[in-house]
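Read the structure below first, then the notes.
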Amino acid sequence: MATISPSATPSVLENYDEHSQTGQAVCQQAACKRAKTKIERGELRIGTNTFFESEARWYIAWRHWGCATKHQIKGLIDVTNNDATQAPGYGGLSEDAQEQVQQAFENEGVVDKDFKGKRADLAKASPRYNDITNAEGYKVDIAKRATGCRNAQCPSEGSKILKGEVRLGISVPFDGDHSSWLYKHWKCMSQFDFDSAQKLHLSDACVDGIDDLPEEHQNVVKESFETGKILAVPEPEPPVTKPKRSAGKGKGKGKGKKVASDDEADAPKPKRKGKKRVSDEMEDDDISEEEYIPKKTRSRAAKVEEPVDPVVARIQAMTENMREEAAK
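Numbers 5 to 332, taken from our numbering, label the letters of the sequence shown in order.
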């Protein structure tokens with residue numbers, strides 16, 4: 005089932021209204037999702053109800069209107085019997101947006117992919133959450149990841165249930181065959197929510213998840229239901245902030261150099277000192293013994309001069325004498 009609506013106007017899911025005022029939803033089209041491109045506040049978008057298996061719940065995967073696929077439009081056409089006015093959320097759209105939806109139905113796909121249809125006024129006029137009166141069940145657990153709180157005040161402040169916080173889960177019917185879980189902070193549940201969950205807890209039925217909570221949280225939740233007063237649950241410990249790797253490496257290198265310098269001062273490294281002493285000795289030898297450098301020269305000359313055969317030497321001497329006699 006797909007839903008069309010501006011980013012901050014309600015989409016209809018049975019008796020449940022979905023509403024986004026902050027424009028924080030990331031478009032689920034592949035390229036937009038990789039770039040973490042958000043659907044701006046008041047912008048026309050299309051949502052598809054998707055089952056999240058790991059948490060056994062339904063959620064809406066949103067896309068920019070221009071990122072909608074033909075399959076999504078075809079889904080809208082099927083569920084509305086090709087009547088665009090029956091599409092969930094259609095009544096809350098601007099006239100321009102409604103016209104885009106009509107054209108998409110006629111062409112079985114989005115016609116103008118650049119259409120944004122931003123209407124901030126519709127975002128401001130959208131209703132807030134009310135008590136959820138059609139709950140089928142309740143549970144109390146600790147959030148494994150950040151989720152939106154369905155309290156009337158939290159969305160307006162951009163509040164989320166953070167990982168590690170205790171939350172009240174409310175099961176509501178969805179499309180007649182399934183149920184979906186909505187969540188509120190434990191501290192944000194209304195008196196109606198608490199009274200309904202307490203009634204379930206004290207009856208033959210039960211509120212799921214309580215026995216799986218840590219002992220200190222269990223005690224608070226059970227005492228709340230037994231006394232009829234909402235008690236504060238322990239807050240999660242703040243996450244440990246790790247230093248940035250780049251900054252850590254820089255500092256580590258600096259410290260490493262400083263320590264090495266101190267070690268050299270306290271315990272000189274023989275290898276480096278050895279090199280220095282050799283250098284000093286060579287400088288002293290260059291000053292006091294002039295024959296030191298010629299040694300290198302003679303060494304190189306010795307490689308050029310090869311042993312002369314005595315016979316050859318005598319012939320060379322006789323030749324030299326003959327030249328001298330001829331010159332006289």
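Ideal Cβ positions, reconstructed from N, Cα and C, are used throughout, including at glycine.
For R318, count neighbouring C-beta atoms within 10 Å of its own C-beta (all shown protein chains included) and say buried if the count is 16 or more, exposed if not. Around the beta carbon of R318, fewer than 16 other beta carbons lie within 10 angstroms, which makes this residue exposed.
Given R67, which residues of its chain have a CB within under 6 Å of its CB, disregarding the five upstream and five downstream residues? C31, Q32, Q33, I50
A29 by DSSP, collapsed to three states: which one? In the structure shown, A29 falls within a coil segment according to DSSP collapsed to helix, strand and coil.
Under the three-state DSSP convention, the category E287 falls into: Note that E287 has pLDDT 39, beneath the 50 cutoff, so the model's placement of it is unreliable and no number is given.
For P177, which of N138, A101, K74, K117 has the nearest alpha-carbon? N138
K164 versus C158: straight-line alpha-carbon distance, rounded: 7 Å
Mind checking which residues open and close the alpha helix (DSSP H) that includes T323? 314-331
So if DSSP puts H182 in a beta bridge, which residue, or which two residues, is it bridged to? F178
For a quick check, are the C-beta atoms of V144 and V211 less than 8 Å apart? yes
Tell me whether V144 sits in a helix, a strand or coil according to DSSP, three-state version. strand
Between the CA atoms of R171 and L206 - distance to the nearest angstrom: 19 Å
Taking the C-alpha atoms as reference points, what is the distance between D197 and G27? Their backbone Cα atoms lie some 28 Å apart in a straight line.
Buried or exposed by the 16-neighbour rule on C-beta atoms within 10 Å, applied to D290: At D290 the pLDDT is 41, less than 50, meaning the model places this residue with poor confidence; the figure from the coordinates comes in the next sentence. Counting the other CB atoms within 10 Å of its CB gives D290 a total below 16, which places it among the exposed residues.
Apply the 10 Å Cβ neighbour rule to F55 and answer buried if 16 or more other Cβ atoms are within range, or exposed otherwise. exposed
Could you check where the alpha helix (DSSP H) with L204 kicks off and where it finishes? 195-206
Other residues of its chain near K78: CB distance less than 7 Å, five sequence neighbours each side excluded: E112
Apply the 10 Å Cβ neighbour rule to R149 and answer buried if 16 or more other Cβ atoms are within range, or exposed otherwise. Note on R149: under 16 other CB atoms within 10 angstroms of its CB, so exposed under the neighbour-count rule.
DSSP-derived helix/strand/coil call for I43: coil
With a Cβ-Cβ cutoff of 8 Å, do I136 and L204 count as a contact? no
Proximity of K191 and R154 at Cβ, strictly below 8 Å: no
I need the straight-line Cα distance from L166 to G141, nearest angstrom please. 22 Å
Let me know if N53 comes out buried or exposed under the rule of 16 or more other beta-carbons within 10 Å of its beta-carbon. buried
What are the boundary residues of the beta strand (DSSP E) that includes F55? 48-56
Using the C-alpha atoms, what's the distance from T89 back to S168? The sequence shown places Gly at residue 168, rather than the Ser named in the question. Rounded to whole angstroms, the gap between the alpha carbons of G168 and T89 is 42 Å.
Opening and closing residue of the alpha helix (DSSP H) in which V105 lies: 99-111
What's the C-alpha gap between A331 and Q320? 17 Å
If we count the other Cβ atoms within 10 Å of its Cβ and call it buried at 16 or more, is P242 buried or exposed? exposed
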